[in-house]
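Participant: In this note's numbering, the protein residues as written are 631 to 710.
Ideal Cβ placement from N, Cα and C applies to all residues, glycine included.
No experiment lies behind these values; they were computed from the predicted model shown.
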């Protein structure tokens with residue numbers, strides 16, 4: 631069974647719902663890697679998406695973007 635959605639229809643739906651839109655093909659895998667990359671980038675760019683989430687069995691952690699000087703602090707020793 632082949633299901634196709636016109637690009638305009640998919641883009642409009644995604645826009646209305648505030649979602650990302652990426653064209654993919656499960657059959658050929660075209661665009662699948664790109665879709666996952668876009669999803670990960672969106673999550674990293676939207677910290678509120680990470681609230682109350684953690685891997686199963688893992689202790690909660692705070693994520694932060696690396697700042698200049700952090701590498702120097704880490705090299706000097708870290709209590710983490």
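1. With DSSP collapsed to three states, give me the class of residue 648.
2. Could you give the C-beta distance for residue 650 and residue 644, rounded to a whole number, given that I count them as a contact under 8 Å?
3. Say the cut is 6 Å; is the CB of residue 640 nearer than that to a heavy atom of the ligand SAH?
4. Please list, in chain order, all residues of the same chain as residue 641 whose beta carbon is under 7 Å from its beta carbon, the five residues on each side excluded.
5. Let me know the secondary structure DSSP gives residue 661 once reduced to three states.
6. For residue 634, tell me which candidate among 681, 653, 671 has the shortest Cα-Cα distance.
7. So what does DSSP say about residue 642, is it helix, strand or coil?
Facilitator: By the coordinates alone:
1. coil
2. 6 Å
3. The ligand content of the structure shown is nil, which means the ligand SAH is not present either.
4. 651
5. coil
6. 653
7. helix
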